[in-house]
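Visitor:
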């Protein structure tokens, strides 16, 4: 169009041999038309009214400039400058398409006016000069609109990208802190996202403008030192740091510090991302505490086993000393009577040690798979004895035992539940006022026939918001030094595996009551539970041997020489006793033809243990197998527990009381004697009842 206008108003001679005005016209045509043709159609927006207003103003100015003024008018020249702000408005307000359309409309109006010999660009005396000016006007208008539109598009893209980045940083779950480097080693916070504000419990306004080091916990000098070194060396840092909240609590964060080189050279900013690892740290601490508790339990079981050996011969020797001193009668000198009193007190102390060790072994027994009839009234006192020392400084203990049905379960696991409930009760009561508080343990049978155990305390109670989570694993309101949050969760799991229920009722300020309900054991027929053939505890040593007309021969196999010697002194002269300290020596004597009426064998020994001795006797002397009595300090391995439960007929738990040891030996002798002796033993059983400390398979 521009070329046709030029051809119609300018003689061909004025174009020159090169025809550069034609080429200029073609170039301007492509600049004007190409953006309009190739730009995609814009979406309808709410700014259609503004677009119509802009179009009307542009059309009005174009008509005023190119339709009415006389050619070459100075006023028309002045009015052309009104088209530049309109083009800028179109470019900045509507982007590249708006700028291109505005430039095209202005160019078409200018060309149309000039073709009609109107407007400021038509010069009658110098038509080619007017066309050059027209081309310059169109080119400047088009370039201005396109450049402004491109600048606007680039700015808009940059703003959208910044908004996207800002939205992403604000919405990310990890805390983000951006700091400006004021001077080497000195930072000033310029941005913090919502996640970081929530992590440290502060508002963004409180963080912006402060030094990021103020968030570190005051006692973590090592963290501050590592941070300062990373800032000085302008390097990245990855570390776990403790951040402090306004209320003084700490949160653990995994921090990643990264330098930012905005100009490609010097570090201008540091970006720190924080990930909350408080729960992970607490979980690790509780797992370590749980492992430590398990290790202590294993240690307690081992220590108990080691204590049992010296305690066994201590009890036996004290019993022997008491017998010898008591034989002096009422006419004994005063010194003998005082010594007898001291020996009896020592016996009481040794008996207390025996009970404590037994309780420790019950509650530290690992992986006890055995299930049997459990009397809860008999299980509560050992648990009470374990915590009694710590309980005395906090509260009085009140016991209320009533008849309860026996339950089928694991004595060790149920004992662990009772122990945890008692520990939980005493920890709920502060120290220093035992007359004001009490811990009450009640046993009874509920209306449905279930065994019921209640552990009640008068502590501060459990808040209502905490009560629903009391059995959640790792949930605790205590400090890390007092609990792991696993005790009640483990209790709940153990009770459920026994088919029971564990409930809690609490009123804040009035204490809490934990109620354990267990179903009764199935009713068994009279023949389903074998009777325990026993002998009278008061039977004289050697009674069975006297009935048979000869001394009974006893073989003692124990790796503890003092214990074997004490048992030998206890049995002589009523029995003929042979002692050995190794299983191999015992088998050697049997192989040599020595006969024994009773074999007392330690279950756990270095080298050949009691299990290996028993299995060799089954092969080499099967008649002697029924006369073996095992003495155990606690079957610790699964193999030993299975052996005790399924094979061994009699197992005496160390430390064995002297009367129980003598009664057991007499029982074995009576079983191996003539019929009249066995009948006498049966009468003794009826007269006596059960003997504690002996297990029968």
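Residue numbers (our numbering): 450 to 1146. Don't be surprised by glycine CBs; every beta carbon is placed ideally from N, CA and C.
Tell me the rounded alpha-carbon separation between residue 516 and residue 502.
Guide: 20 angstroms
Visitor: Let me check one thing: in DSSP terms, what residues is residue 622 bridge-paired to?
Guide: Paired residue(s): none; residue 622 is not in a bridge.
Visitor: Going by beta carbon distance, what residues of the same chain come within less than 6 angstroms of residue 631, once the five residues before and after it are set aside?
Guide: 637
Visitor: If the criterion is Cβ atoms closer than 8 angstroms, does the pair residue 905 and residue 960 meet it?
Guide: yes
Visitor: Which partner residues does residue 1081 have in the DSSP bridge list?
Guide: For residue 1081, which the question treats as bridged, DSSP gives the partners 1102.
Visitor: Three or more C-beta pairs under 8 angstroms: does that hold for the region 788–803 against the region 824–833?
Guide: no
Visitor: Tell me whether residue 708 sits in a helix, a strand or coil according to DSSP, three-state version.
Guide: Judged by DSSP in its simplified three-state form, residue 708 adopts strand.
Visitor: How is residue 956 classed by DSSP in three states: helix, strand or coil?
Guide: coil
Visitor: Please report how far the alpha carbon of residue 719 lies from the alpha carbon of residue 873, in whole angstroms.
Guide: Cα-Cα distance, rounded: 48 angstroms.
Visitor: Might you give, ordered along the chain, the residues of its own chain that have their beta carbon closer than 7 angstroms to the beta carbon of residue 456, omitting 5 neighbours on each side?
Guide: Residue confidence for residue 456 is low, a pLDDT of 45 falling below 50, so the modelled location carries little weight; the figure read from the coordinates is stated next. For residue 456, where only same-chain residues beyond five positions count, there are no Cβ hits under 7 angstroms.
Visitor: From which residue to which residue does the alpha helix (DSSP H) around residue 1011 run?
Guide: 1010–1020
Visitor: Quick one: residues in its chain with C-beta nearer than 6 angstroms to the C-beta of residue 870, no 5 flanking neighbours on either side, listed in chain order?
Guide: 904, 963
Visitor: In chain order, what residues of the same chain lie with their CB nearer than 8 angstroms to the CB of residue 868, ignoring the 5 residues before and after it?
Guide: Here residue 868 has 812, 832, 835, 836 as same chain residues with Cβ atoms under 8 angstroms from its own Cβ, once five neighbours each way along the sequence are excluded.
Visitor: Quick check on the burial criterion: 16 or more other C-beta atoms within 10 angstroms. Buried or exposed for residue 596?
Guide: exposed
Visitor: Measure the CB-CB distance between residue 602 and residue 531 and report whether it falls below 8 angstroms.
Guide: no
Visitor: Under the DSSP definition of a beta bridge, which residues are partnered with residue 963?
Guide: 904, 953
Visitor: Can you list, in chain order, the residues of its chain with a C-beta nearer than 8 angstroms to that of residue 649? Leave out the 5 residues immediately preceding and following it.
Guide: 624, 656, 664, 692, 693, 694, 700
Visitor: Taking the alpha helix (DSSP H) that residue 560 falls in, what are its first and last residues?
Guide: Here the alpha helix (DSSP H) through residue 560 covers 532–564.
Visitor: For residue 1007 versus residue 1118, is the C-beta spacing smaller than 8 angstroms?
Guide: no
Visitor: Which residues in the same chain as residue 436 place their Cβ atom closer than 7 angstroms to its Cβ, once the five residues preceding and following it in sequence are excluded?
Guide: Because the chain here runs from 450 to 1146, residue 436 falls outside it and cannot be looked at.
Visitor: Give the single residue among 1082, 965, 1081, 1063 whose Cα lies nearest to the Cα of residue 1074.
Guide: 1063
Visitor: Run through DSSP, which three-state label would residue 946 get?
Guide: helix
Visitor: Using C-beta distances below 7 angstroms, list every residue in its chain close to residue 506, excluding the 5 sequence neighbours before and after it, in chain order.
Guide: 535
Visitor: Any idea what DSSP makes of residue 529, helix, strand or coil?
Guide: helix
Visitor: Tell me the rounded alpha-carbon separation between residue 866 and residue 678.
Guide: Cα to Cα, the separation comes out at about 52 angstroms.
Visitor: With H, G and I counted as helix, E and B as strand and the rest as coil, what does DSSP make of residue 567?
Guide: Reduced to three states, the DSSP call for residue 567 is coil.
Visitor: Three-state secondary structure (DSSP) at residue 777?
Guide: coil
Visitor: State the Cα-Cα distance for the pair residue 556 and residue 604, rounded to the nearest angstrom.
Guide: 27 angstroms
Visitor: Where does residue 631 sit, in a helix, a strand or coil, going by DSSP?
Guide: strand
Visitor: Keeping to the same chain, check which residues put their C-beta closer than 6 angstroms to that of residue 891; ignore five residues upstream and five downstream.
Guide: 849, 903
Visitor: So what's residue 675 in DSSP terms, helix, strand or just coil?
Guide: helix
Visitor: Given this structure, state the Cα-to-Cα distance separating residue 769 from residue 1116, to the nearest angstrom.
Guide: 21 angstroms
Visitor: Starting from residue 687, follow its DSSP beta bridges and name the residues at the other end.
Guide: 705
Visitor: Under the DSSP definition of a beta bridge, which residues are partnered with residue 718?
Guide: According to DSSP, which records beta bridges pairwise, residue 718 is partnered with 629, 709.
Visitor: If you check the beta carbons only, do residue 806 and residue 863 fall under 8 angstroms apart?
Guide: no
Visitor: Let me make sure I understand the geometry here. Which of 885, 783, 820, 893 has the alpha-carbon closest to that of residue 445?
Guide: Beyond the ends of the chain as shown, which are 450 and 1146, falls residue 445; an answer cannot be given.
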